[in-house]
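Q: The opening residue of the sequence shown carries number 1 in the UniProt record's numbering; numbering runs sequentially from there. Just dropping this structure here.
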Amino acid sequence: METMTKIASYDRVSELKGFDETKTGVKGLVDAGVSQIPRFFHHSSDKLANHKPLSSDLLHLTTIPTIDIGGRIFKDTIMRKNAIKGIKEASEKWGFFQVINHGVSVDLLEKMKDGVRGFHEQSPEVRKQYYGRDFSKEFVYTSNFDLYTSPAACWGDSFTCYMAPNPPKAHDLPAICRDVMIEYSKQAMNLGEFLFELLSEALGLNSNHLNDIDCSMGLRMLCHYYPPCPEPDLTIGAGKHSDSSFLTVLLLDLIEGLQVLRDGYWFDVPPVPGALIINVGDLLQLITNNKFISSEHRVLANRATRARVSVACFFTTGLRHNPRMYGPMRELVSEDNPPKYREITIKEFTTHRNAKGL
Ligand SMILES: O=C(O)CCC(=O)C(=O)O
Ligand SMILES: [Fe+2]
């Protein structure tokens, strides 16, 4: 009876609105010193658990493979072949791998993470000016993109911006991270184009194939900030999802939390200094007719004493209304392996995904 009264008196929508109206996100709650997280952040315990035991053929696995991409200039063809083989296997089995020797300087990786931290830790008055839910804007800072539609909120804040093919004007970006966003996104584009060459070859296609069909044309940057959570067993940093991109380049800091789902089991992805995580998105799974898989992943609530940051660069096709149709590639389908998907425009695909939610 008592629980029923409590449920009846809990006005979730006004709690959500109250939180949203602060315009300072989860970071604002932590700064205010909350020791108990608001109820709308509570996730059901079965969603947070990792019960399912490893099947015996997965017992030897600990985490996603690491691939050396030779500084992007393979001096020897064996090394290049090995990298392509590694990428192929990882994309088929995990949908995830991490690259080392990727050609983006450690200094730039650190500056990028400092930029994200800097944005979220600057004074609330400055941060608030960017806060909102109008995603047609160049640069949007918010907490929980799906705050009003998801069953439970996540313990983190983010900002996002399309950096290619039409980069924002510098003055549309916050001063504290504008230069590094521009520089890092250029480097991420170059790396992405190189990875699409290797992925094309891993599929037995001409190395330009995926770049030629615009897989690397557009880049959306999403920069996350996960403050320490006072009750990390009750919530999550980012709920289970797959990425809608063709490919994602993910920069992590040294606080753990990322997990990848494989055969029903959540594998930790321990951060490796200087490495970048690469994952196959839904669109690459679609055009490869499920040869490469877009795996679900999540981020646990941050148990550390300082905030965790990450930077996801999503390769999508550039033009928001690109008329190109994407379906399983002709080269990869046959009588024995008929197309599993119909052809679709990016607009149609995105509209469907957004309606479905994470
Ligand atoms: O923060 C992370 O480690 C992952 C972020 C992520 O999965 C995403 O932005 O899609
Ligand atoms: Fe993701």
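A virtual CB, placed ideally from N, CA and C, is assigned to each residue, including glycine.
Which partner residues does residue 361 have in the DSSP bridge list?
A: With the chain represented from 1 up to 358, any question about residue 361 goes unanswered, as that position is not in the structure.
Q: Given this structure, state the Cα-to-Cα distance separating T235 from D107, to the nearest angstrom.
A: Start at 1 with the first residue of the sequence shown, and residue 235 comes out as number 235. Start at 1 with the first residue of the sequence shown, and residue 107 comes out as number 107. Rounded to whole angstroms, T235 to D107 spans 33 angstroms at the Cα level.
Q: Tell whether a beta-carbon distance below 8 angstroms holds between I64 and V299.
A: Residue mapping note: residue 64 aligns to position 64 of the sequence shown, counting from 1. Residue mapping note: residue 299 aligns to position 299 of the sequence shown, counting from 1. Not closer than 8 angstroms, so no.
Q: Where in the UniProt domain "Fe2OG dioxygenase" (217–318) do unbroken runs of the beta strand (DSSP E), each at least 3 residues long, occur, reported from the N-terminal end onward?
A: 218–226, 236–241, 247–252, 258–262, 265–268, 276–280, 297–300, 308–316, all fully within the UniProt domain "Fe2OG dioxygenase" (217–318).
Q: With the cut-off set at 8 angstroms, would you say D243 and S185 are in Cβ contact?
A: The residue you call residue 243 lines up with position 243 of the sequence shown. The residue you call residue 185 lines up with position 185 of the sequence shown. It is not a contact, given that the beta carbons lie outside the stated cut-off.
Q: How is M163 classed by DSSP in three states: helix, strand or coil?
A: Your numbering for residue 163 matches position 163 in the sequence shown. The answer is strand: DSSP assigns M163 an E or B state.
Q: Which term fits Q129, buried or exposed, when burial requires 16 or more other beta carbons within 10 angstroms of its beta carbon?
A: Against the sequence shown, residue 129 aligns to sequence position 129. Answer is exposed; the Cβ neighbour count stays below 16.
Q: Taking the C-alpha atoms as reference points, what is the distance between I278 and A90?
A: Within the sequence shown, numbered from 1, the residue matching residue 278 stands at position 278. Within the sequence shown, numbered from 1, the residue matching residue 90 stands at position 90. Each residue's Cα considered, the two are about 10 angstroms apart.
Q: Would you be able to state if there are at least three C-beta pairs under 8 angstroms between the segment 31–46 and the segment 170–189?
A: In short, these stretches do not touch, since the Cβ pair count stays below three.
Q: Exposed or buried, T149, counting other C-beta atoms within 10 Å across all chains shown (16 or more means buried)?
A: As a position in the sequence shown, residue 149 is number 149, starting the count at 1. It counts as exposed.
Q: So does H241 have its beta carbon nearer than 7 angstroms to some heavy atom of ligand 2?
A: Your numbering for residue 241 matches position 241 in the sequence shown. Result yes, Cβ under 7 angstroms from ligand 2.
Q: Mind checking whether the beta-carbon of H297 lies closer than 7 angstroms to any heavy atom of ligand 1?
A: Translated into positions along the sequence shown, residue 297 becomes position 297. Flag set: Cβ of H297 near ligand 1.
Q: Can you tell me the Cα-Cα spacing of Y341 and D179, whole angstroms?
A: Numbered from its first residue, the sequence shown carries residue 341 at position 341. Numbered from its first residue, the sequence shown carries residue 179 at position 179. Spanning the two alpha carbons is a distance of roughly 41 angstroms.
Q: Quick one: what's got a C-beta closer than 6 angstroms to M4's C-beta in the same chain, skipping five residues either side?
A: Within the sequence shown, residue 4 is the residue found at index 4, counting from 1. Residue placement at M4 is poorly supported in this model, since its pLDDT is 48, which falls under 50; the coordinates still yield a value, given next. Closer than 6 angstroms at Cβ, skipping near neighbours: no residue.
Q: Where does the unbroken beta strand (DSSP E) through Y141 begin, and where does it stop?
A: Locating residue 141 in the sequence shown gives position 141, where the first residue counts as 1. Where Y141 is concerned, the enclosing beta strand (DSSP E) stretches over 139–142.
Q: R12 to A355, Cα distance in whole Å?
A: Translated into positions along the sequence shown, residue 12 becomes position 12. Translated into positions along the sequence shown, residue 355 becomes position 355. Those two C-alpha atoms are separated by around 22 angstroms.
Q: Does DSSP classify I182 as helix, strand or coil?
A: Translated into positions along the sequence shown, residue 182 becomes position 182. Helix, per DSSP.
Q: Determine the closest residue to G95 out of A152, N206, E296, T24, with distance taken between C-alpha atoms.
A: The residue labelled residue 95 in the question sits at position 95 within the sequence shown. Among A152, N206, E296, T24, the Cα nearest to that of G95 is on E296.
Q: Touch check for the segment 115–131 and the segment 200–209: three-plus C-beta pairs under 8 angstroms?
A: Contact fails: fewer than three Cβ-Cβ distances are below 8 angstroms.
Q: Using 7 angstroms as the cut-off, classify the Cβ of N350 as near or not near the heavy atoms of ligand 2, replying yes or no.
A: By one-based count along the sequence shown, residue 350 stands at place 350. Note on identity: in this sequence residue 350 is Thr, with Asn being the wrong assignment. No, the beta carbon of T350 sits no closer than 7 angstroms to any heavy atom of ligand 2.
Q: Taking the straight line between their C-alpha atoms, what separation do you get for T142 and G18?
A: Counted from its first residue, the sequence shown places residue 142 at position 142. Counted from its first residue, the sequence shown places residue 18 at position 18. In a straight line, the C-alpha of T142 is about 14 angstroms away from that of G18.
Q: Buried or exposed, going by whether 16 or more other CB atoms sit within 10 Å of the CB of A275?
A: Residue mapping note: residue 275 aligns to position 275 of the sequence shown, counting from 1. That one is buried.
Q: Which same chain residues end up closer than 7 angstroms to L332 when comparing Cβ atoms and leaving out the 5 residues on each side of it in sequence?
A: As a first step, residue 332 is located in the sequence shown; it is residue number 332 there, counting from the start. Cβ neighbours of L332 beyond the five flanking positions: L203, T288, N289, K291.
Q: Taking Cβ to Cβ, would you say M221 is nearer than 8 angstroms to M189?
A: Against the sequence shown, residue 221 aligns to sequence position 221. Against the sequence shown, residue 189 aligns to sequence position 189. In this structure, M189 does not lie closer than 8 angstroms to M221 by Cβ.
Q: Find the nearest neighbour of residue 374 within the set W155, Q259, D146, judged by alpha-carbon distance.
A: This structure cannot speak to residue 374, because the chain is shown only from 1 to 358.
Q: What do you reckon, are the CB atoms on L191 and G103 nearer than 8 angstroms?
A: On the sequence shown, residue 191 is found 191 positions in, with the first residue counted as 1. On the sequence shown, residue 103 is found 103 positions in, with the first residue counted as 1. Closer than 8 angstroms, so yes.
Q: To the nearest angstrom, report how far apart N302 and T77 are at their CA atoms.
A: Numbered from 1 along the sequence shown, position 302 holds the residue referred to as residue 302. Numbered from 1 along the sequence shown, position 77 holds the residue referred to as residue 77. Their Cα atoms are separated by approximately 42 angstroms.
Q: Is it right to say I346 is buried, meaning 16 or more other beta carbons lie within 10 angstroms of its own, or is it exposed?
A: Along the sequence shown, read from residue 1 onward, the residue named residue 346 stands at position 346. Flag for I346 reads buried.
Q: Just checking L222 against ligand 1 - is the residue's beta carbon closer than 7 angstroms to any of the ligand's heavy atoms?
A: Here the question's residue 222 lines up with position 222 in the sequence shown. L222 Cβ: within cutoff of ligand 1.
Q: Taking the DSSP output, what are the residues bridged to T344?
A: The residue labelled residue 344 in the question sits at position 344 within the sequence shown. First, the amino acid is wrong: residue 344 is Ile here, not Thr. I344 pairs with Y326.
Q: So, at 7 angstroms on beta carbons, what are the nonlocal neighbours of L147 in its own chain, with the 5 sequence-adjacent residues on each side left out?
A: Indexing the sequence shown from 1 puts residue 147 at position 147. Result list for L147: L16, D20, A153, in chain order.
Q: Classify D253: buried if its beta carbon has 16 or more other beta carbons within 10 angstroms, exposed otherwise.
A: Residue mapping note: residue 253 aligns to position 253 of the sequence shown, counting from 1. D253 should be labelled buried.
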